[in-house]
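Participant:
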Amino acid sequence: MRRIPRTRTASHPHSNPLPAAAARRIPAAVLAVLVLACTLPACRKEQPQAPGAPAPATSGAPAAPAAAPAMELKDVTEHTPDYIIGISYPAVATRYPGLAAELRRYSDAARAELMQAVQGREKGGSEAAYELVLPFSELHVSPQLVVVAVDGSSYTGGAHGAPLIGRWVWLPAQNRLLTAQDLVPDAKGWEAIAGLVREQLHTALSQRVDADELPAGERVEVLKSASKMIEDGTQPDPAHYSQFEPVVGSDGHIRAMRFVFPPYQVGPYSDGTQTVEVPAAALLPYVAPQYRGLFQST
Numbered sequence: 001m002r003r004i005p006r007t008r009t010a011s012h013p014h015s016n017p018l019p020a021a022a023a024r025r026i027p028a029a030v031l032a033v034l035v036l037a038c039t040l041p042a043c044r045k046e047q048p049q050a051p052g053a054p055a056p057a058t059s060g061a062p063a064a065p066a067a068a069p070a071m072e073l074k075d076v077t078e079h080t081p082d083y084i085i086g087i088s089y090p091a092v093a094t095r096y097p098g099l100a101a102e103l104r105r106y107s108d109a110a111r112a113e114l115m116q117a118v119q120g121r122e123k124g125g126s127e128a129a130y131e132l133v134l135p136f137s138e139l140h141v142s143p144q145l146v147v148v149a150v151d152g153s154s155y156t157g158g159a160h161g162a163p164l165i166g167r168w169v170w171l172p173a174q175n176r177l178l179t180a181q182d183l184v185p186d187a188k189g190w191e192a193i194a195g196l197v198r199e200q201l202h203t204a205l206s207q208r209v210d211a212d213e214l215p216a217g218e219r220v221e222v223l224k225s226a227s228k229m230i231e232d233g234t235q236p237d238p239a240h241y242s243q244f245e246p247v248v249g250s251d252g253h254i255r256a257m258r259f260v261f262p263p264y265q266v267g268p269y270s271d272g273t274q275t276v277e278v279p280a281a282a283l284l285p286y287v288a289p290q291y292r293g294l295f296q297s298t
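Numbering (UniProt numbering), first residue to last: 1 to 298.
1. For D271, count neighbouring Cβ atoms within 10 angstroms of its own Cβ and tell me buried if that reaches 16, exposed if not.
2. Taking only heavy atoms of the ligand FMN into account, decide whether any of them is closer than 7 Å to the Cβ of T273.
3. Rounded to whole angstroms, how far is the Cβ of Y130 from the Cβ of T94, which I believe are closer than 8 Å?
4. Tell me where the beta strand (DSSP E) around A149 begins and ends.
5. Counting pairs of Cβ atoms below 8 Å between the stretch 176-183 and the stretch 229-249, do you hit three or more?
6. Going by DSSP, name the residue or residues bridged to W170.
7. What are the partner residues of Y130, as DSSP defines its beta bridges?
8. Below 8 Å, how does it come out for the stretch 203-210 and the stretch 135-154: are there three or more Cβ pairs, yes or no?
9. By alpha-carbon positions, which one of P81, Q207, L134 ends up nearest to Q119?
10. Say whether the stretch 223-232 touches the stretch 163-173, bearing in mind that this needs 3 or more beta-carbon pairs closer than 8 Å, one atom from each stretch.
11. By alpha-carbon positions, which one of E78, A216, K74 ends up nearest to M115?
12. If you compare alpha carbons, which of P289, A117, L132, I193 is closest to F259?
13. With a cut-off of 8 Å on the beta carbons, I'd call Y286 and D186 a contact; round off their distance for me.
14. Report the residue from A149, R121, D108 whose alpha carbon sits nearest the alpha carbon of L132.
15. State the DSSP-derived secondary structure class of E122, mapped to helix, strand or coil.
16. Compute the beta-carbon to beta-carbon distance between I87 and V76, rounded to the nearest angstrom, for a pair I have assumed lies under 8 Å.
17. Thinking residue 300 and P90 are a contact (beta carbons under 8 Å), I'd like their distance in whole angstroms, please.
18. Which runs of the alpha helix (DSSP H) fall wholly inside the UniProt domain "DUF3298" (233-279) and span at least 4 residues, in chain order?
19. So, for G233: in the same chain, excluding its five sequence neighbours on each side, which residues have a beta-carbon less than 7 Å away from its beta-carbon?
20. Distance check for A216 and F295, CA to CA, integer angstroms please.
21. Quick one: Cα of E199 to Cα of K74, how far?
22. Using the DSSP secondary-structure output, state which residues sit across from V76 in a beta bridge.
23. Could you check which residue in E231, L214, P263, W170 has the C-alpha nearest to that of T273?
24. Considering D212, what are the terminal residues of the alpha helix (DSSP H) in which it resides?
25. Would you mind giving the Cβ-Cβ distance between G98 and R219, rounded to the nearest angstrom? I have them listed as a contact below 8 Å.
26. Out of E245, R105, A288, which one is the CA nearest neighbour of V276?
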């Protein structure tokens with residue numbers, strides 16, 4: 001059976017799953033960054049989430065929790081015969097200790113998993129070093145929203161690395177993370193969102209299969225298999241939509257919400273990370289009242 005081509009209408013511009021060839025060794029460009037990092041003072045490691053909309057806080061917004069103590073985050077660069085680690089944090093993270101703690105938990109968990117794989121590695125196997133690459137970046141920063149993304153990878157053997165995709169939306173005024181469950185608390189809302197997301201993903205799938213010009217029988221099988229992945233990965237449960245990023249308009253308000261689906265959630269690895277944008281007008285009826293001020297009004 002022929003593989004569906006990588007070109008896709010729903011791919012996110014930041015997505016960059018680690019290719020098979022690069023999984024066995026860090027590219028020259030990454031090595032150069034790691035070497036340079038060794039010669040520079042360690043950076044603070046805190047990762048805030050980019051602000052999305054300068055809308056005034058509503059009276060119904062939850063009270064802000066007490067500020068967390070300052071946390072110093074430093075970029076990590078380690079290069080040994082057995083493993084390579086490269087972790088970098090955005091400067092905005094230093095402003096929000098709570099967000100920094102979230103990013104630190106994520107990177108610590110990924111690092112612990114890598115080291116466990118290194119320790120359990122069989123002797124005499126592949127000589128390729130295991131690796132963890134986590135380049136955190138700012139997607140949006142404003143007094144209302146801070147959005148941070150990571151499109152990284154972890155390689156612990158096999159044909160290619162495992163993509164590590166994460167998004168964090170921080171609310172500075174409330175000193176807290178915005179989760180999918182907080183954003184849309186009603187189950188009916190997720191049913192409506194799931195329908196919109198599935199429609200876009202199925203359309204993108206059909207376009208990819210049509211472009212591949214598969215024989216009729218093979219086309220049916222590909223569509224059946226990929227469609228099942230879409231249905232399973234977009235069930236109306238906020239857990240399936242935990243990775244999202246606000247798309248902010250010129251007026252500073254959220255004009256759409258981009259839901260991010262890592263490889264394997266709604267398609268095979270070859271399809272990479274896929275995204276779907278739901279317009280504010282379609283999402284707003286289901287958004288919790290205290291967050292509606294962040295969105296463009298219809």
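Positions of the beta carbon are idealized from the N, C-alpha and C atoms, including for glycine.
Facilitator: For this structure:
1. So D271 counts as buried.
2. The ligand content of the structure shown is nil, which means the ligand FMN is not present either.
3. So it is not a contact: roughly 30 Å between Cβ atoms.
4. Taken as a continuous stretch (DSSP letters only), the beta strand (DSSP E) holding A149 covers 146-155.
5. The stretch 176-183, when compared against the stretch 229-249, does touch it at the 8 Å Cβ threshold.
6. Answer is V146, L177.
7. Per DSSP, the beta bridge partners of Y130 are Y83.
8. Taking 8 Å as the limit for Cβ pairs, the verdict is that the stretch 135-154 does not touch the stretch 203-210.
9. For the set P81, Q207, L134, the Cα lying nearest the Cα of Q119 is the one of P81.
10. As far as the Cβ criterion goes, the stretch 223-232 does not touch the stretch 163-173, which means the pair count is below three.
11. Closest option to M115, judged by alpha-carbon separation, among E78, A216, K74: E78.
12. The candidate whose alpha carbon is nearest that of F259 is I193.
13. The pair is a contact, with the Cβ atoms about 6 Å apart (cut-off 8 Å).
14. Of the listed residues, the one whose Cα sits closest to L132 is D108.
15. Three-state result, E122: coil.
16. Yes, they are in contact, since the Cβ atoms of I87 and V76 sit about 4 Å apart, within 8 Å.
17. For the chain, the structure presents residues 1 to 298; residue 300 sits outside this window and is missing.
18. Whole alpha helix (DSSP H) segments, 4+ residues: zero.
19. Hits under 7 Å: H240, F261, Q265, V266.
20. Rounded to the nearest whole angstrom, the CA to CA distance from F295 to A216 is 44 Å.
21. Distance between the alpha carbons of E199 and K74: 42 Å.
22. Bridge partners of V76: I87.
23. Closest in C-alpha terms to T273, from the list E231, L214, P263, W170, comes P263.
24. 187-212 is the span of the alpha helix (DSSP H), which, as asked, contains D212.
25. Not a contact, Cβ separation roughly 49 Å.
26. Taking only the C-alpha atoms, the option nearest V276 is E245.
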